[in-house]
Structures are given as C-alpha cells and as structure tokens.
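Working notes, beginning with the structure itself.
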Amino acid sequence: MADVTLRDVRKSFGGVEIIHGVDLDIRDNEFTVFVGPSGCGKSTLLRLIAGLEDITSGEMTIDGVRVNDLPPKERGISMVFQSYALYPHMTVYDNMAFGLKLANSGKDAINRKVREAAGTLQIESLLDRKPRDLSGGQRQRVAIGRAIVREPKVFLFDEPLSNLDAALRVQMRIELAKLKDDLNATMVYVTHDQVEAMTLADKIVVLRAGHVEQAGSPLELYHHPRNLFVAGFIGSPRMNLIETKVVSTDRDGATIQIPGGDTMTVPAQAAGLAHGAPVTLGIRPEHLVEADQGDTILDCTVFVVERLGGETYCHVRIADGQTLVLRTDGETTVRPGEPIRVGIPAAACHLFDRDGMALHRLQRHPLADQPLPRHAIA
Amino acid sequence: MRIRKLIGRLFFYLLVACIVVYTVFPFYWAIVSSLKAGSGLFQVEFWPSNPAWDNYVGVFTGQPFGRNILNSVVVSVSVVVLSLFLAVTAAYSLGRIQFRGRGTLLMVVLSVSMFPQVAVLSGMFELIRWLGLYNNLVGLILSYMIFTLPFTVWVLTTFMRELPKELEEAAIVDGASPWVVITRVFLPLMGPALVTTGLLAFIAAWNEFLFALSFTLSNEMRTVPVAIALITGNSQFESPWGNIMAASVIVTVPLLVLVMIFQRKIVSGLTAGAVKG
Amino acid sequence: MTTPSVTPSFPQRPTEGATATPATVAAAPGISRLTRQRRRAAWLFLAPMLAVLALVAGWPLARTIYFSFTDATLYDLEYHEFIGLLNFYYLAIDPQWWRAVWNTVFFAVISVSVETVLGMIIALTLNAHMPGRGLLRAAMLIPWAIPTVVSAQMWGWMYHDLYGVINEIFLFVGLIDTPRAWIADPSLSIYAVIAVDVWKTTPFMTLLILAALQLLPGEVYEAARVDGINPVKVFFKVTLPLIKPALMVAIIFRTLDALRIFDLMYVLTGNSRATASMSVYARQQLVDFQDVGYGSAAATFLFLIIAAFTVIYITVGKVNFDQGGK
Numbered sequence: 001m002a003d004v005t006l007r008d009v010r011k012s013f014g015g016v017e018i019i020h021g022v023d024l025d026i027r028d029n030e031f032t033v034f035v036g037p038s039g040c041g042k043s044t045l046l047r048l049i050a051g052l053e054d055i056t057s058g059e060m061t062i063d064g065v066r067v068n069d070l071p072p073k074e075r076g077i078s079m080v081f082q083s084y085a086l087y088p089h090m091t092v093y094d095n096m097a098f099g100l101k102l103a104n105s106g107k108d109a110i111n112r113k114v115r116e117a118a119g120t121l122q123i124e125s126l127l128d129r130k131p132r133d134l135s136g137g138q139r140q141r142v143a144i145g146r147a148i149v150r151e152p153k154v155f156l157f158d159e160p161l162s163n164l165d166a167a168l169r170v171q172m173r174i175e176l177a178k179l180k181d182d183l184n185a186t187m188v189y190v191t192h193d194q195v196e197a198m199t200l201a202d203k204i205v206v207l208r209a210g211h212v213e214q215a216g217s218p219l220e221l222y223h224h225p226r227n228l229f230v231a232g233f234i235g236s237p238r239m240n241l242i243e244t245k246v247v248s249t250d251r252d253g254a255t256i257q258i259p260g261g262d263t264m265t266v267p268a269q270a271a272g273l274a275h276g277a278p279v280t281l282g283i284r285p286e287h288l289v290e291a292d293q294g295d296t297i298l299d300c301t302v303f304v305v306e307r308l309g310g311e312t313y314c315h316v317r318i319a320d321g322q323t324l325v326l327r328t329d330g331e332t333t334v335r336p337g338e339p340i341r342v343g344i345p346a347a348a349c350h351l352f353d354r355d356g357m358a359l360h361r362l363q364r365h366p367l368a369d370q371p372l373p374r375h376a377i378a
Numbered sequence: 379m380r381i382r383k384l385i386g387r388l389f390f391y392l393l394v395a396c397i398v399v400y401t402v403f404p405f406y407w408a409i410v411s412s413l414k415a416g417s418g419l420f421q422v423e424f425w426p427s428n429p430a431w432d433n434y435v436g437v438f439t440g441q442p443f444g445r446n447i448l449n450s451v452v453v454s455v456s457v458v459v460l461s462l463f464l465a466v467t468a469a470y471s472l473g474r475i476q477f478r479g480r481g482t483l484l485m486v487v488l489s490v491s492m493f494p495q496v497a498v499l500s501g502m503f504e505l506i507r508w509l510g511l512y513n514n515l516v517g518l519i520l521s522y523m524i525f526t527l528p529f530t531v532w533v534l535t536t537f538m539r540e541l542p543k544e545l546e547e548a549a550i551v552d553g554a555s556p557w558v559v560i561t562r563v564f565l566p567l568m569g570p571a572l573v574t575t576g577l578l579a580f581i582a583a584w585n586e587f588l589f590a591l592s593f594t595l596s597n598e599m600r601t602v603p604v605a606i607a608l609i610t611g612n613s614q615f616e617s618p619w620g621n622i623m624a625a626s627v628i629v630t631v632p633l634l635v636l637v638m639i640f641q642r643k644i645v646s647g648l649t650a651g652a653v654k655g
Numbered sequence: 656m657t658t659p660s661v662t663p664s665f666p667q668r669p670t671e672g673a674t675a676t677p678a679t680v681a682a683a684p685g686i687s688r689l690t691r692q693r694r695r696a697a698w699l700f701l702a703p704m705l706a707v708l709a710l711v712a713g714w715p716l717a718r719t720i721y722f723s724f725t726d727a728t729l730y731d732l733e734y735h736e737f738i739g740l741l742n743f744y745y746l747a748i749d750p751q752w753w754r755a756v757w758n759t760v761f762f763a764v765i766s767v768s769v770e771t772v773l774g775m776i777i778a779l780t781l782n783a784h785m786p787g788r789g790l791l792r793a794a795m796l797i798p799w800a801i802p803t804v805v806s807a808q809m810w811g812w813m814y815h816d817l818y819g820v821i822n823e824i825f826l827f828v829g830l831i832d833t834p835r836a837w838i839a840d841p842s843l844s845i846y847a848v849i850a851v852d853v854w855k856t857t858p859f860m861t862l863l864i865l866a867a868l869q870l871l872p873g874e875v876y877e878a879a880r881v882d883g884i885n886p887v888k889v890f891f892k893v894t895l896p897l898i899k900p901a902l903m904v905a906i907i908f909r910t911l912d913a914l915r916i917f918d919l920m921y922v923l924t925g926n927s928r929a930t931a932s933m934s935v936y937a938r939q940q941l942v943d944f945q946d947v948g949y950g951s952a953a954a955t956f957l958f959l960i961i962a963a964f965t966v967i968y969i970t971v972g973k974v975n976f977d978q979g980g981k
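Chains as they are written, first to last, in our numbering: chain A, 1 to 378; chain B, 379 to 655; chain C, 656 to 981.
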C-alpha cells in the first residue's frame, strides 16, 4: 500500500522557482510516467520524491507518511538512474547487496534476496562480474535488480532507457511492463519519449515549465487533452491545428468556419463562446481521411510526401494557406503538387479557446477511462 | 619538393635531439662525474674510461648519509600519509557538498599553497621550538604540511568533482552516510588519484630544503637535500665534487624510477592541479 | 566560467544539534535532514584539515607579521619590544634589500619568459606525431623530478671555473675564448642561476602547455590545412588564442614560484649579494644574523607581494571555486 501524494510542492534553486506548486496523487500500484520537454522539471520532481533534493515548500507523503524531512533511505523508495550508476569496483552481486548490507540485513537474507532478484531479471550468470564487463542492457538489468532487492514501496526510474540503442530499448520496455505486473509496486518513471510514456503508463503526467499540464490515463490524454500543449505533445505526428472562428453554438456543439467557405459542427461544450470568437480546431493526422468521406471536405494541395513504407504522411495546404498533415497508408499514390480532397470527421475534432484550453468534448471516448491490460497474464 | 620535405624532417629531428640532450645531459654528466675517482674528475671526459665506485663509498663514510636517506624517507612518507588522510575527507566536503563558505574555504586552501615558505619561517620556528620539536623529524613532518596539505586537498577536490553525481546518489538511496560514501564507494575509485597526488606530495617533501635547513641542527637529523647542500661545508673551495655527484645520483635515481613508472599519472596530476584550477 | 563567488560572511555551522528530533527540525523549511546531515558532515570532515592548516600556516604567518613590528632575536624570541614600523623603515633604506628585490624580480621575469617560450617550442615539437613521443615526454620529467638542491649542485659542478664542462664546451665551440667563473663573477652569476631554473622548470611549463594543446580540436587544424594557411599564422591566430587561458594560469603559477625562490640561489651561490633573492635575504637576517624582527619584516613584505600576485592569479585565472552549483 504505497500511494504518493504531492500537495502544492514547490522547489526553488537559489531563489528561482523550478517547480510551481504541483498537486498529484499517485495511487498504490500505479505506473506513473512524468513526461515533458527537457527542462520541464520532470527529473527534479522525481528527485524530490526520492529525497535527493529538498522540497522548498508543500507537503509530500509516501504511504501516508509525511516524507518532506526524511532522507531517501527512510522513504521506502529505490531508484534506477539514467547512467545506471553501478558501483564500478563491486561485482554485480555486491552492487545489488550493498544497500542490504548497509541496512544490516542478515547474510542469508541478503543472499536469498539477491538471487531471487537475479532470477527475475535472468542475470544469475553475471553475479560475479564487474559492471565494466557487462553490456548496456545487462547493466540496465543490474541497476533494476539493485532497486528490486531493497523491496521498496515505490520504484523511481529516471530516463532508464535513454542510454540504450533503439532495438534494446523496445525490448527493455516490454520487460519493464512485465516486471511492473510481477512486482506489484508503485512506480514513477521519467522520460521524454512519449512512446515510452504511452506504452508503459497507467497514468501520464505531462509537465511543462514546472507546472502539471494534465494527468490522466494515456488514452485520456490522447482523446481528451486539456489544452493545446498536451494536445501537441501527445501523439505523433503532432495534432493539426487550424485557426478559425465560431459561427454559432447550440446543444450539439459549436459550429465553426472552415477555411474555404464551409462550416462544421464540432460536438464540444461551447456554451460560453460568442459568435465570431476565435477558436483553434485540432484534428490528429490519423483521423483525417483522404477521400470524399467525413463531415467536411477540404480541397487541398499536396506539397510534401513523406513515405515511411507502411504509412505515408502527406503535408497539404488548405485554402487560406494553413498546412495540415494527414496520415494515409503506404500504398497511396499522391504526388507533391497534386490536388487532394481531405475529409474531416467532426467527432474526432478538438476545439480550443483563445487561451488554449480545450472545450469539453460531448462524447467521452470509451477507452479513456478504463485500465487496459497490455499482455496476456500467464 | 621531396628534398625540401626531407630537410624539414631532418631539421625537426635535430631539434628533438637538441631537446633531449639539453634535458638529459646535466644528469648524465653527474653520473659520469660520480664514477671518476681522484684526479680523473678534473679531466673533461664524456665517458668514464675506468669507472670507480670510490665516490659512492665516500658519501657514506664522510657523513651519515644512510641516516639522511632514512630521515628523508620517514619524513616524506609520513607527510604523504598524513596529508592524504586529512585531505580525502576535506576534498569530499569541498568537492561534493553544497554549503555556505565553500568558495571561501577553497580560496583559503589555494592561498596557503601560494605562501612563500620564508613568510612563515620565524613563526614556524617559534612554534617548533615551543613544541620541543627543534632538530626533530616530527617538527619537519608538521611544518611540511603547510605545502603538501593545500596541494593534496586541491588536487583531490578536483578528482572528487569528476566522480559521477549519480553514483553518490545511488549510494545515498542505498542508505549510505557521507562517511560510507567516502570509504566504500569513492575511495576504491580514487586509487589512481591517490597515487598521483601522493607521489607529487612525496616529491615535494623529498625535495624540500628551507625548513629542513632551518629546523635541524645535527648531521644525524638532516634530510637528503640539506646533506647534499652541506657536503661542501659551505665553502666554494676544495669541494668534494665527486662525492656530491655520487650523492646526487643516489637520491635521484629512485625518484626517477618512480617518476618513469607513474609518468602518465604525474602528468595528469600536474594538469589537474594547475590547468583546471 | 565565472569569477569566484566569495561569500564574505563566515560560514555558519548548522545550529541544530545532532540529536534533534523530527519534531524540532521541522522548523527549517526547505532544508531536509539529509541536507543538514551532509552539511554537518562537511564541517566535520573539514575540521582536522582546517585545524592543521591553522596551526602550520595561519598561526606562524600571524606570528611572523607580529614579529615584524618587534625587535625579537632568534637568540631569545620571548623578550622583545614593539618597535612599530622601524623594521620596515630600515628595510626601505637598505640597498641590499632593494638589490634582493631587484634580483628576485629580474630572475622571475627572465626565467619565466624564457621558460614560456622554450616550453612552447618543446611542447609544439612533442605534440607532433612521431615515434618515441612517450619516451621523450618521460625524459622531460627528469629535470622536474630532480631535487632543486641536487640540480644546483650538478650545475655548480658543470659551471666550475677550472674543471667545469661548460667552459670546456663553450671554448670548444668558440663561444668564449677564456674560461669564465660563471658563479663567482657577479655579472654572470644571476644568469647562471636563471639557466639552472630554466633547465629545471621548463619541463613543467612544457607539460602544462602540452596538456592544453592536446585538448584542442583537430578539425580546426585540418580546416586550416585545407585552406592552405601558413603554419606560423595558424599558430598565432588559432593555437595561441585557444591555449591562452591555460598558458596564463601556468605563467602565473610559475611566477609565484619564482618570486619565492630560495634553495637554488642559496646552494649555487650562497648568500652572494649578486644573486640573493628576497627569500635568501630574509632567511639570512633571520637565521644567520638572528634578527627575527627585521627578517620577519622582509618576509612579510615578500608575503604581501605574493598575496597581490595570488589575487591576480585568482582573478585572471578566473578560478571557479563554486562550480557544480546548478
């Protein structure tokens, strides 16, 4: 039972506030991912939870205990570092056993725990080696093993996969997801890679400049971003944004002007918006269709075609000169310079007011609020 | 074109040869001279035609040179051990802990390493006499700390800073106190740094002259540099040059062996102390 | 790099006692037990070192400065009287002292300049790719490792007016026509001393410059070569500006060292007026003439000069005392 709560947590370095009043509830057994552009404070927030940095003001509890003043070892956490931070002069076994030895655990208990963790991570054969004799992936496992043996209430991961090459990263990502189910512990994970965030998280916390922009399940963030920043940050390629105006509003949503002359009604709560108010229409590249379907059809011109093999990104220009990206399949034959008709399904559209805040979508996405298993449980 | 290149090469190697002769010749000449006995010393001969060991015997019979060497070894080793012991923990504090006054302390340490020794001579003399350590090796050990301690603290601080931050944090998460971090995580990694720093401090202590000259009185308490300087009996005439050269070679050869073994480390230590600041 | 941030206030020890309970420590917001523990440890770890430094550096320095205002003698340090600035007055009117000041400055300027130029040439040579470079670098360490006293004696023998190898070689090459008394001749002896210092400390300079050279990016030189720029021009326009910071630090380091020179002159030329440095002069007054008050005044003067240079070193070298404070 280890929830982590943050109440108005602030952190200043030399008078400059880096974390501005973060409120957060991380539930027991939840895999929470902090994500955001570099410098957003995600690592600092993790280090505050770890106790490696002092909290300037606010309250933090782990498992119901106020931890503001507790040193890391008394917080029931363990941490996996970006550089792994293995003790170079110790064997794998000693690396994993170091914390237990310092805690004066019995020799047999240490031995049992280390071997158990080594078994889980399939590194039994490496126990006598030094870190320098290990590959990157093996070091990563040892670092995780060192975290496991301490049997923490909360695991903290600081960009643990960023030093691995692409193929290994995918493999470790899958293993981490599996480990999460095996260990039954609360995990907090920092990354700048939104794919890692989407695939691993029960809950994603998007940070920007020391503020929490939104916290929620991956699909909630994808389908119901709270503002333009989250909308742009989650999803690849980025969501298309079109500057436009409100024509009218009613119970079915907001009717907006579409460049080229048409109007379209987007199902979103737009009660407060006056006629002519500026809004931003958001539509993801994967929701645009290259056809005569959709609620509104735009006549566009293709100007760049990026072919990835399995899929194709078409960059197109609409009537008023704004550009859109649309994702189509790999078989499309469009060429730059050609005209193209792009259909916009109104149900997939997002609207943002002039402050960049999203208007609530009238239809909650069915997948946004339920936990979804990632793999078959053996 | 090819000939010009060849001449360029030739000139380059001539330059290299000059550099080598310039750096090595004086010591070579000392060796040659030390092997010449009697009147042979007074003929300029670049290769000793009949090498003799008389001078080497003379060094040890003319004065307690063996005792002098032992003194130097005792003093230098004690100074190194003591300095390193005091410096390691201090360097950890200065290199890795944020606290008020750290900048000031580092400046104090650097300033002390710049002290001219003569500026503390009278005060040190008084202190040593007051402690009853005049003409005593302990007095030398104590006074040598003035130049070895700031130096070792400074260089070890530089090394400490370069150890990865995450390593220390991992240890902190593992529950290590600052003392455990130093002794069980950092010290094992600082072997090379300790060797380098210790060696440089050893050489500095081994070569020290002013304090050794001023704080010892009897032949038996002198260190090697003082013994070698005073073989002349302070007179420019009738100096036993053969003996002096033999003594010079005796104390220099072990030093050179050490330096050659650890040359890479020494170079890195020198640069850590100076260039990086 | 920033200029050193020097906090003028004396560092305060954390006031919370070691036995503070969590209830009482909650008072300091934003400073956790871990931080307090680390700060406490910092001072604890520093204490022995600082105590020793205070004992062997702070106290003797303070006493030396104190003695400089008294008429203390070595014979009896305890009975002395305060005589104000009298020692400094005598110092100011003593031509021998000013000769020593001149000797020291002359020695420092000439030997450091020669060492810098020579060290630069040797470093550039060693920086070239060639077989046996490691061996050469090792050879460079020989003069550096030899004790100053030993170097002085070795050169003293080479300088010998009757049997010295230097006279022999110079006569053979034709540089001189009669043997010279390199050490006894007052017009030559200071140069003799400088030559030994140059021999002994050029390697130090060389190694520092070499280290700086090896940090330079190779692309710059390849670009210069592709553009066909004259190597001499490359040196002055590219190399020199790039290694200037390291070079400046090395020069100031060496200058400080040269200003306090003692053993070289003392062993090579004794207390000879022609070469005596400030350190030699001060020690002679202190020990040989037993005049602790006057000798201390000379030593204090030297200390002040070095202190001024240290300040320059710290400012020019832009020593960053508080790095890693991100």
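For glycine and all other residues, C-beta sits at the position ideal for the given N, C-alpha and C.
Model, not experiment: these values are computed from the prediction.
Quick check on the burial criterion: 16 or more other C-beta atoms within 10 angstroms. Buried or exposed for residue i?
i	result
Gly774/C	buried
Val764/C	exposed
Arg139/A	buried
Phe859/C	buried
Gln194/A	buried
Pro603/B	buried
Cys396/B	exposed
Asp292/A	exposed
Gly829/C	exposed
At the 7 Å Cβ level, is residue i part of the contact set with chain B, yes or no?
i	result
Gln869/C	no
Ser768/C	no
Tyr734/C	no
When the cut-off is 7 Å and only beta carbons count, does residue i lie next to chain C?
i	result
Asp69/A	yes
Asp54/A	yes
Leu464/B	yes
Val402/B	yes
Assuming residue i contacts residue j (C-beta within less than 8 Å), just tell me the rounded distance between them.
i	j	result
Ala579/B	Thr630/B	Not confirmed; about 18 Å, so no contact.
Asp552/B	Gly145/A	Not a contact, Cβ separation roughly 13 Å.
Who are the near neighbours of residue i in its chain, counting only those whose CB is closer than 7 Å to its CB and skipping five residues on each side?
i	result
Glu220/A	Ala368 and Asp369
Ile318/A	Pro259, Gly260, Leu298, Cys300 and Leu324
Pro677/C	No answer about Pro677/C holds up, because its pLDDT of 40 lies below 50 and its placement is not dependable.
Gln808/C	Val922
Give every residue of the same chain whose Cβ lies closer than 8 Å to the Cβ of residue i, excluding the five residues on either side of it in the sequence, and list them in chain order.
i	result
Leu746/C	Trp752, Tyr949, Ala952, Ala953 and Phe956
Ser626/B	Ala408, Ser412 and Ile606
Leu729/C	Leu941, Val942, Gln945, Asp946 and Val947
Using 7 Å as the limit for Cβ to Cβ distance, is residue i near chain A?
i	result
Leu689/C	yes
Ile776/C	no
Thr676/C	With a pLDDT of only 37 at Thr676/C, under 50, the local geometry of the prediction cannot be trusted, and the value read off the model is given with reservation. Taking Cβ atoms only, chain A never reaches closer than 7 Å to Thr676/C, which makes this a no.
Ala682/C	Reliability of the predicted coordinates at Ala682/C is poor, the pLDDT of 40 falling under 50, and the value obtained from them is presented with this limitation in mind. For Ala682/C, the answer is no, since every Cβ of chain A falls outside 7 Å of its Cβ.
Keeping to the same chain, check which residues put their C-beta closer than 6 Å to that of residue i; ignore five residues upstream and five downstream.
i	result
Arg600/B	Asn446 and Thr594
Glu213/A	Val206, Phe229 and Val230
Ile622/B	Ile609
- prompt: Counting pairs of beta carbons, one from the segment 493-501 of chain B and one from the segment 429-439 of chain B, are three or more of them closer than 8 Å?
  reply: The segment 493-501 of chain B is not in contact with the segment 429-439 of chain B.
contact_flag[the segment 586-604 of chain B, the segment 527-536 of chain B] where n(CB pairs < 8 Å) is 3 or more: Too few Cβ pairs lie closer than 8 Å, so no.
task: Could you say if the segment 473-482 of chain B and the segment 537-550 of chain B meet the contact criterion of at least three C-beta pairs nearer than 8 Å?
output: Yes: the two stretches touch, three or more of their Cβ pairs being nearer than 8 Å.
message: Would the segment 888-895 of chain C count as touching the segment 705-725 of chain C if we require 3 or more Cβ pairs under 8 Å?
response: Too few Cβ pairs lie closer than 8 Å, so no.
The segment 532-558 of chain B: positions lying closer than 9 Å to chain D by Cβ: Of the protein chains in the structure, A, B and C, none is chain D.
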